[in-house]
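J.: Every number in our numbering is 25 more than the matching position in the sequence shown, counting from 1. Think of the CB as a built atom: it goes at the ideal place given N, C-alpha and C, for glycine as much as any other residue.
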Amino acid sequence: MTPTGGPVSRFAFLKAVLGPLMRLMFRPRVEGAEGVPGSGPVILAGNHLTFIDSMILPLVCDRQVFFIGKDEYVTGKGLKGRLMAWFFTGVGMIPVDRDGGRGGVAALMTGRRVLEEGRVFGIYPEGTRSPDGRLYRGRTGIARLALMTGAPVVPFAMIGTDRIQPGGKGLPRPGRVRVRFGEPLEFTRYEGMDRDRYVLRAVTDEVMSHVMRLSGQEYVDIYATKAKAAA
26 MTPTGGPVSR FAFLKAVLGP LMRLMFRPRV EGAEGVPGSG PVILAGNHLT
76 FIDSMILPLV CDRQVFFIGK DEYVTGKGLK GRLMAWFFTG VGMIPVDRDG
126 GRGGVAALMT GRRVLEEGRV FGIYPEGTRS PDGRLYRGRT GIARLALMTG
176 APVVPFAMIG TDRIQPGGKG LPRPGRVRVR FGEPLEFTRY EGMDRDRYVL
226 RAVTDEVMSH VMRLSGQEYV DIYATKAKAA A
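(1) Roughly how many whole angstroms lie between the Cα atoms of residue 246 and residue 131?
(2) If you run the structure through DSSP and keep just helix, strand and coil, what is residue 239?
(3) How would you call residue 142, buried or exposed, if buried means at least 16 neighbouring beta carbons within 10 angstroms?
(4) Taking 8 Å as the threshold, find out whether the stretch 91 to 109 comes into contact with the stretch 211 to 220 through three or more Cβ pairs.
(5) If we count the other Cβ atoms within 10 Å of its Cβ and call it buried at 16 or more, is residue 181 buried or exposed?
(6) Quick check: the Cα distance between residue 86 and residue 161, rounded to an integer number of angstroms?
(7) Relative to the C-alpha of residue 230, which candidate in 103, 167, 47 and 42 has its C-alpha closest?
(8) To which residues does DSSP link residue 173 through a beta bridge?
(9) So what does DSSP say about residue 160, is it helix, strand or coil?
(10) Identify whether residue 92 lies in helix, strand or coil by the three-state DSSP scheme.
(11) To the nearest angstrom, how far is the alpha carbon of residue 56 from that of residue 206?
(12) What residues in its chain sit with their C-beta under 8 Å from that of residue 63, if we drop five residues either side in the sequence?
(13) Does residue 83 pass the burial test, meaning 16 or more other C-beta atoms within 10 Å, or should it be called exposed?
(14) For residue 250 versus residue 153, is the C-beta distance shorter than 8 Å?
(15) Express the C-alpha separation of residue 158 and residue 239 in angstroms, rounding to a whole number.
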């Protein structure tokens, strides 16, 4: 699946139909959305508390946000499977098989393609949902995307989504959430250095520092996957 005119029109339909219901349920309070550039490639990078994050982010953005999702969301069989595939691809999810050694590369190249088409790409640098509400170390794919494409990075923070959908499972409950956007971050000074691991780590840490300030979360300097494995 590639970001084409079809999914965009489907996205507009879904937003028009489901948007009012979601706004009634979650009453999102949005801060700083005017900082998201209205055109051109943009990377939205933020924290990840629960599954519903990827539904609320497109709701509060004027532009369609494309993001990577598990291919299992679109490979189900029967009527339910077809409806899920129609919905998730319609809201901007691009299914990628992230298992195995090539999963990360596929996700990176997909994000690069979206950005080179001048679109908005959403990414959670932690790589997975936070296991305990804290903010974990970011993976450097966000930095590689920024340096390869020259796209600005707009940090954002989801606040309160873990209260309306604890554990990322089950139906979300009504409640108020906040989405805070920061100012765009430019990393063009590092052009051509997308293979320098020290630069990649510095850029990633800078992005995560902004996300931490926006979210108010406690920061943990280990990967969330390691924290989950140790639990």
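T.: Based on what the coordinates show:
(1) As a working mapping, residue 246 is identified with position 221 in the sequence shown. As a working mapping, residue 131 is identified with position 106 in the sequence shown. Taking the straight line from one Cα to the other gives about 26 Å.
(2) Within the sequence shown, residue 239 is the residue found at index 214, counting from 1. Three-state result, residue 239: helix.
(3) Sequence index remark: in the sequence shown, residue 142 carries index 117 (1-based). That one is exposed.
(4) no
(5) Here the question's residue 181 lines up with position 156 in the sequence shown. Buried.
(6) Taking the sequence shown and counting its residues from 1, one reaches residue 86 at position 61. Taking the sequence shown and counting its residues from 1, one reaches residue 161 at position 136. Each residue's alpha carbon lies about 25 Å from the other.
(7) Position 205 of the sequence shown, counting from 1, holds the residue named residue 230. When only C-alpha atoms are compared, the closest one is 167.
(8) Mapped onto the sequence shown, residue 173 falls at position 148. Beta-bridge pairing links residue 173 to no other residue.
(9) Within the sequence shown, numbered from 1, the residue matching residue 160 stands at position 135. Note: residue 160 maps to strand in three-state DSSP.
(10) Position 67 of the sequence shown, counted from the first residue, corresponds to residue 92. Of the three classes helix, strand and coil, the one that applies to residue 92 here is strand, per DSSP.
(11) Position 31 of the sequence shown, counting from 1, holds the residue named residue 56. Position 181 of the sequence shown, counting from 1, holds the residue named residue 206. Computed Cα separation, rounded: 6 Å.
(12) Here residue 63 is taken as the residue at index 38 of the sequence shown, counted from 1. Closer than 8 Å at Cβ, skipping near neighbours: 87 and 88.
(13) The residue given as residue 83 occupies position 58 in the sequence shown. With 16 or more Cβ atoms within 10 Å of its Cβ, residue 83 is classed as buried.
(14) By one-based count along the sequence shown, residue 250 stands at place 225. By one-based count along the sequence shown, residue 153 stands at place 128. Result yes, Cβ atoms of residue 250 and residue 153 sit closer than 8 Å.
(15) Walking along the sequence shown from the start, residue 239 turns up at place 214. Walking along the sequence shown from the start, residue 158 turns up at place 133. When rounded, the distance between both Cα atoms is 14 Å.
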